[in-house]
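So that you can map any letter, position 67 of the sequence shown is 67 in full-length UniProt numbering, and since no number is skipped, the others follow by simple counting.
Cβ coordinates follow ideal geometry from the N, Cα and C atoms, glycine included.
Okay, structure first, notes after.
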Amino acid sequence: MLLFVVGALLVVNVWAVVDARLAATAAAREAARAFATADSGEALAAANAARERTLESQGWARETLVAGASSLPRRHERCAEATATVTLRVDPILLPQVGWTDGFTATGRHTELVNPLRGGLEGPELPAPGEGGSLCS
């Protein structure tokens, strides 16, 4: 019976880490997309709000957030790569005779490219029609 209880607690701990990884990845994806599609002056605030909304909708408290949208570029311009990183702290359910007291972390990352054809933003000059070439080089 004790073996069953320990095994069940181990499965619950593993699932908590998997759930945190899924939530962190979803929050990073939404933060990067919000940054890439926001107006220039609101990009970072939009990314942070999207991250918070996503974590809240999946039942993760703000206190579990270790690091937020820390890799987003300082400038919001065409062709910028917006990489959002979200790390969540998972407190384990303690198992008998196992010293997991520090907990675990789960990290999710997602990268979006700010639209190279988008107007109203700074960035590389667009090639003339028919000129060809790469938009983001």
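Simplified DSSP assignment, three categories, for residue i
i	result
L22	helix
L65	strand
A47	helix
E112	strand
L94	coil
R89	strand
A80	coil
Through-space distance from residue j to residue i, alpha-carbon basis
i	j	result
V114	D39	11 Å
G103	A8	18 Å
P116	F4	56 Å
T111	R29	7 Å
A49	R62	12 Å
residue 139	R74	Nothing can be reported for residue 139, as the shown portion of the chain is limited to 1 through 137.
C136	E81	10 Å
V17	M1	25 Å
V86	L94	25 Å
E42	R51	14 Å
T37	A84	14 Å
Presumed contact (8 Å Cβ cut-off) between residue i and residue j, rounded CB distance
i	j	result
V90	T107	Between T107 and V90 the Cβ distance is about 11 Å, and since that is not below 8 Å, they are no contact.
A65	L44	Sequence inspection shows Leu at residue 65; the Ala mentioned does not correspond to that position. Not really, about 16 Å apart at Cβ, beyond 8 Å.
residue 138	A46	There is no way to answer for residue 138, as the model of the chain reaches only from 1 to 137.
Minimum C-alpha distance to residue i - residue among the options
i	options	result
H76	A50, A32, R109	A32
G119	L88, A24, C79	C79
A27	W15, E81, N13, G59	G59
R21	L88, G41, T83, A50	L88
V14	P92, A82, R62, A36	P92
D19	E42, T37, L55, R51	L55
First and last residue of the uninterrupted beta strand (DSSP E) at residue i
i	result
L42	Per the sequence presented here, residue 42 reads as Glu, with Leu not at that position. From DSSP, E42 is part of no beta strand (DSSP E); its letter is neither H nor E.
CB contact below 7 Å: residue i versus chain C
i	result
A80	Of the protein chains in the structure, only one exists, and it is not chain C.
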